[in-house]
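For the sequence shown, full-length UniProt numbering begins at 1 and goes up steadily by one.
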Amino acid sequence: MAKVNITRDLIRRQIKERGALSFERRYHVTDPFIRRLGLEAELQGHSGCVNCLEWNEKGDLLASGSDDQHTIVWDPLHHKKLLSMHTGHTANIFSVKFLPHAGDRILITGAADSKVHVHDLTVKETIHMFGDHTNRVKRIATAPMWPNTFWSAAEDGLIRQYDLRENSKHSEVLIDLTEYCGQLVEAKCLTVNPQDNNCLAVGASGPFVRLYDIRMIHNHRKSMKQSPSAGVHTFCDRQKPLPDGAAQYYVAGHLPVKLPDYNNRLRVLVATYVTFSPNGTELLVNMGGEQVYLFDLTYKQRPYTFLLPRKCHSSGEVQNGKMSTNGVSNGVSNGLHLHSNGFRLPESRAHVSPQVELPPYLERVKQQANEAFACQQWTQAIQLYSKAVQRAPHNAMLYGNRAAAYMKRKWDGDHYDALRDCLKAISLNPCHLKAHFRLARCLFELKYVAEALECLDDFKGKFPEQAHSSACDALGRDITAALFSKNDGEEKKGAGGGGGPVRLRSTSRKDSISEDEMVLRERSYDYQFRYCGHCNTTTDIKEANFFGSNAQYIVSGSDDGSFFIWEKETTNLVRVLQGDESIVNCLQPHPSYCFPATKTKEVMAFLCPLLLWGEEGESPEPLRWESP
Numbered sequence: 001m002a003k004v005n006i007t008r009d010l011i012r013r014q015i016k017e018r019g020a021l022s023f024e025r026r027y028h029v030t031d032p033f034i035r036r037l038g039l040e041a042e043l044q045g046h047s048g049c050v051n052c053l054e055w056n057e058k059g060d061l062l063a064s065g066s067d068d069q070h071t072i073v074w075d076p077l078h079h080k081k082l083l084s085m086h087t088g089h090t091a092n093i094f095s096v097k098f099l100p101h102a103g104d105r106i107l108i109t110g111a112a113d114s115k116v117h118v119h120d121l122t123v124k125e126t127i128h129m130f131g132d133h134t135n136r137v138k139r140i141a142t143a144p145m146w147p148n149t150f151w152s153a154a155e156d157g158l159i160r161q162y163d164l165r166e167n168s169k170h171s172e173v174l175i176d177l178t179e180y181c182g183q184l185v186e187a188k189c190l191t192v193n194p195q196d197n198n199c200l201a202v203g204a205s206g207p208f209v210r211l212y213d214i215r216m217i218h219n220h221r222k223s224m225k226q227s228p229s230a231g232v233h234t235f236c237d238r239q240k241p242l243p244d245g246a247a248q249y250y251v252a253g254h255l256p257v258k259l260p261d262y263n264n265r266l267r268v269l270v271a272t273y274v275t276f277s278p279n280g281t282e283l284l285v286n287m288g289g290e291q292v293y294l295f296d297l298t299y300k301q302r303p304y305t306f307l308l309p310r311k312c313h314s315s316g317e318v319q320n321g322k323m324s325t326n327g328v329s330n331g332v333s334n335g336l337h338l339h340s341n342g343f344r345l346p347e348s349r350a351h352v353s354p355q356v357e358l359p360p361y362l363e364r365v366k367q368q369a370n371e372a373f374a375c376q377q378w379t380q381a382i383q384l385y386s387k388a389v390q391r392a393p394h395n396a397m398l399y400g401n402r403a404a405a406y407m408k409r410k411w412d413g414d415h416y417d418a419l420r421d422c423l424k425a426i427s428l429n430p431c432h433l434k435a436h437f438r439l440a441r442c443l444f445e446l447k448y449v450a451e452a453l454e455c456l457d458d459f460k461g462k463f464p465e466q467a468h469s470s471a472c473d474a475l476g477r478d479i480t481a482a483l484f485s486k487n488d489g490e491e492k493k494g495a496g497g498g499g500g501p502v503r504l505r506s507t508s509r510k511d512s513i514s515e516d517e518m519v520l521r522e523r524s525y526d527y528q529f530r531y532c533g534h535c536n537t538t539t540d541i542k543e544a545n546f547f548g549s550n551a552q553y554i555v556s557g558s559d560d561g562s563f564f565i566w567e568k569e570t571t572n573l574v575r576v577l578q579g580d581e582s583i584v585n586c587l588q589p590h591p592s593y594c595f596p597a598t599k600t601k602e603v604m605a606f607l608c609p610l611l612l613w614g615e616e617g618e619s620p621e622p623l624r625w626e627s628p
């Protein structure tokens with residue numbers, strides 16, 4: 001991270017008043033603050049598990065919701081309880097939000113009783129009660145530019161919109177996921193882009209995260225009502241509840257093809273939390289059953305499932321899965337339908353980019369990473385290579401070495417990250433022998449067996465001196481055995497009357513997937529960064545958040561009672577702090593101070609302390625490098 005001199009900047013702030021805001025942003029969260037972060041206070045007041053937290057805009061109030069159906073408003077800086085009220089809910093509260101531009105007077109809650117309530121804190125009364133959902137309400141979302149409007153996501157698969165200016169006691173269905181994904185889909189979380197309040201992100205069952213354009217949806221419905229044939233509902237009308245272009249999906253590229261295996265092992269993937277970066281250009285997702293992913297909404301990229309672009313020199317081509325300026329993708333699939341345009345390696349070794357020399361300090365970092373690799377400390381090696389990659393992003397050797405460390409560690413998603421690194425190394429140095437071979441191995445490990453064979457054949461053609469090496473022969477035998485096993489399995493399924501594997505469809509109407517949904521999934525974009533180490537398998541409300549005014553860090557709770565802090569750009573884990581004896585579900589950073597609040601799940605449910613963390617306090621636990 002960048003070096004800071006707080007003494008110098010304090011003097012400048014005293015002299016130059018206009019520098020106050022920039023000072024606040026610069027010192028919101030810094031690396032020294034992260035290193036000194038420790039427990040400051042425990043706020044006790046709930047008699048049940050605390051499930052949700054919300055700071056007000058100024059950061060001088062903190063609201064909490066609990067299994068005890070109460071909400072409490074705190075003065076966190078003075079560690080005081082200001083207000084406690086029963087919300088009228090009859091089950092656990094899962095979400096609490098301040099309504100924007102209401103003077104911190106209006107609070108919204110959503111609960112497991114399928115209800116959404118609106119409360120006036122000045123008189124401690126519930127002023128609106130909405131009962132339109134038919135299953136648990138998991139999240140509420142507000143938008144700074146829409147002061148009377150908010151949205152809810154519930155396990156009935158619906159996203160509802162509320163307008164407090166309307167006299168009606170009912171809400172409007174904005175998005176019905178069941179029309180796309182069947183009756184079993186559940187909406188778990190949602191958030192509105194702070195810079196574009198028409199952009200709504202929704203997390204639900206499965207690995208896909210959905211972005212919707214609210215304005216396009218409303219305009220589409222308005223035009224449908226005004227149409228002369230509005231009363232005639234055709235088959236096409238029912239198949240397209242959303243207009244074209246109103247939705248865009250995002251997914252970690254390796255997850256769709258893993259779904260059958262996960263389903264067989266009863267491993268559930270569900271987005272438990274989504275949030276935008278302060279500038280609205282990035283989307284962060286905590287994927288239950290998996291890891292934390294960051295998606296770049298500006299420089300979108302197709303999943304790196306396999307293959308390089310055939311022609312790397314024509315204008316507008318895609319490099320490593322990124323979209324070209326003319327919007328044409330390289331045909332790289334996200335694992336739903338693999339294209340057969342073949343894997344091609346560069347045919348000539350003549351045009352090789354010169355290896356970029358590393359400065360001495362990065363050479364030392366690389367050497368440290370190599371030593372960690374030699375000691376089989378895979379995670380430490382990955383972190384050191386990542387640190388070097390951030391400072392030398394055009395060095396093919398660093399990507400190739402990091403790919404090797406990923407392949408050795410073998411955590412969920414590591415082979416896919418290794419594949420991405422191999423492709424990057426090859427794009428920087430087309431004659432990177434090890435990257436070519438590792439790419440074939442990654443494809444095999446990711447179950448793209450036919451593509452792995454084609455990649456290996458191209459490798460042998462490009463590097464004939466390696467064609468009969470022991471490693472090459474071993475991989476060839478593995479691929480051949482896997483192909484025979486796959487063909488034998490398909491023949492047995494055919495003899496048994498099956499029509500082949502069905503990855504995304506089902507004969508049951510309850511979980512049938514529409515054609516429109518299939519198309520949207522095929523057009524999904526891939527992630528930019530992945531953050532690992534925490535565990536998110538026990539609850540479906542675990543959050544992940546950006547930390548810092550410039551979103552320099554990523555934070556998330558974990559099932560082991562810890563919470564994790566990563567550097568955003570390197571994805572390196574920098575701190576692990578103990579938050580509770582059981583589960584840390586939520587981390588809500590203060591809007592302007594290095595002051596995150598966490599909520600805990602108390603097993604005994606007598607008291608659920610709400611933890612506040614400040615710059616002074618307990619020393620951190622040592623990083624657990626090899627915990628998967």
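Yeah, the Cβ is synthetic: ideal placement off N, Cα and C, and Gly gets one too.
{"Query": "With distances taken between CB atoms, is the gap from Gly110 to Ser152 smaller than 9 Å?", "Result": "yes"}
{"Query": "Relative to the C-alpha of Met216, which candidate in Gly476, Pro241, Ala91 has its C-alpha closest?", "Result": "Pro241"}
{"Query": "Looking only at C-alpha atoms, which of Glu465, Asp458, Phe444 sits nearest to Thr480?", "Result": "Phe444"}
{"Query": "Run the CB neighbour count on Asp417, radius 10 Å, all protein chains shown included, and call it buried at 16 or more, exposed below.", "Result": "buried"}
{"Query": "Just list the residues that DSSP pairs His79 with in beta bridges.", "Result": "Beta-bridge pairing links His79 to no other residue."}
{"Query": "Between Ile382 and Arg409, how many whole angstroms is the CB-CB distance? I'm expecting something under 8 Å.", "Result": "7 Å"}
{"Query": "Reducing DSSP to helix, strand and coil, say where Lys486 ends up.", "Result": "helix"}
{"Query": "Answer with buried or exposed for Lys460, where buried requires no fewer than 16 other C-beta atoms within 10 angstroms of its C-beta.", "Result": "buried"}
{"Query": "Name, in chain order, the residues that DSSP records as bridge partners for Leu439.", "Result": "For Leu439, which the question treats as bridged, DSSP gives no partner whatsoever."}
{"Query": "Name the residue from Ser549, Gly557, Glu515, Thr571 whose alpha carbon lies nearest to the alpha carbon of Phe529.", "Result": "Thr571"}
{"Query": "Out of Val185, Asn219, Asp196, Leu283, which one is the CA nearest neighbour of Val268?", "Result": "Val185"}
{"Query": "Are Leu158 and His133 closer than 9 Å when you measure CB to CB?", "Result": "yes"}
{"Query": "Mind checking whether residue 692 and Ile140 have CB atoms under 9 Å apart?", "Result": "What the structure shows of the chain is the stretch from 1 to 628, and residue 692 is not part of that stretch, so it cannot be assessed."}
{"Query": "Take Val555 and list the residues in its own chain whose beta-carbon comes closer than 6 Å to its own, dropping the five residues that flank it on each side.", "Result": "Asn545, Phe547, Ile565, Leu587"}
{"Query": "For Met145, does the three-state DSSP call read helix, strand or coil?", "Result": "coil"}
{"Query": "Tell me, which residues are paired with Trp151 by DSSP?", "Result": "Ala141, Gln161"}
{"Query": "Closest to residue 638 by C-alpha separation, out of Glu517, Thr90, Arg13, Pro430, would be which residue?", "Result": "Residue 638 is absent from the structure shown; the chain starts at 1 and stops at 628."}
{"Query": "Taking the alpha carbon of Lys599 as the reference point, which residue from Gly400, Pro303, Ile583, Thr539 has its own alpha carbon closest?", "Result": "Ile583"}
{"Query": "Looking at the secondary structure, which residues open and close the beta strand (DSSP E) in which Val185 lies?", "Result": "No beta strand (DSSP E) holds Val185; DSSP gives it neither H nor E."}
{"Query": "Apart from the five residues just before and just after Ala112, which ones in its own chain have a Cβ nearer than 6 Å to its Cβ?", "Result": "Ala91, Asn92, Arg136"}
{"Query": "Just tell me which of Tyr385, Glu522, Asn429, Asn536 has its CA closest to the CA of Met287.", "Result": "Asn536"}
{"Query": "Please report the residue range of the beta strand (DSSP E) in which Glu522 lies.", "Result": "Per DSSP, Glu522 belongs to no beta strand (DSSP E); it is in the alpha helix (DSSP H), 515-522."}
{"Query": "With C-beta atoms as the reference, is Tyr250 less than 9 Å away from Val209?", "Result": "yes"}
{"Query": "What do you get for Ser171, buried or exposed, if any count of 16 or more other CB atoms within 10 angstroms of its CB means buried?", "Result": "buried"}
{"Query": "Using CA atoms only, rank isn't needed, just tell me which of Val449, Leu433, Ser485, Ala474 is closest to Glu465.", "Result": "Leu433"}
{"Query": "Using only the alpha-carbon positions, how far apart do Cys375 and Ala369 sit?", "Result": "10 Å"}
{"Query": "May I ask you to list the residues that DSSP assigns as paired with Phe373?", "Result": "Answer is none; Phe373 lacks a bridge partner."}
{"Query": "Which residue's Cα is closest to the Cα of Glu581: Ser485, Phe563, Pro596, Ala467?", "Result": "Phe563"}
{"Query": "Return the chain-ordered list of same chain residues with a C-beta closer than 7 Å to the C-beta of Glu148, the five sequence neighbours on each side being excluded.", "Result": "As written in the sequence, residue 148 is Asn, which differs from the Glu given in the question. These residues qualify, in order along the chain: Asp163, Leu164, Arg165."}
{"Query": "In chain order, what residues of the same chain lie with their CB nearer than 6 Å to the CB of Tyr399, ignoring the 5 residues before and after it?", "Result": "Asp421, Lys424, Ala425"}
{"Query": "If you drop the 5 nearest sequence neighbours on each side, which residues of the same chain put their C-beta closer than 6 Å to that of Gln483?", "Result": "The sequence shown places Leu at residue 483, rather than the Gln named in the question. If we look at Leu483 and ignore the five residues flanking it on each side, its Cβ neighbours are Val449."}
{"Query": "Quick check on Cys594: does DSSP put it in helix, strand or coil?", "Result": "coil"}
{"Query": "What is the rounded straight-line gap between the Cα of Gly579 and the Cα of His534?", "Result": "13 Å"}
{"Query": "For His86, count neighbouring Cβ atoms within 10 angstroms of its own Cβ and tell me buried if that reaches 16, exposed if not.", "Result": "exposed"}
{"Query": "Specify, as a first and last residue, the run of the alpha helix (DSSP H) that Gly461 falls within.", "Result": "449-462"}
{"Query": "Quick check on DSSP: helix, strand or coil for Val389?", "Result": "helix"}
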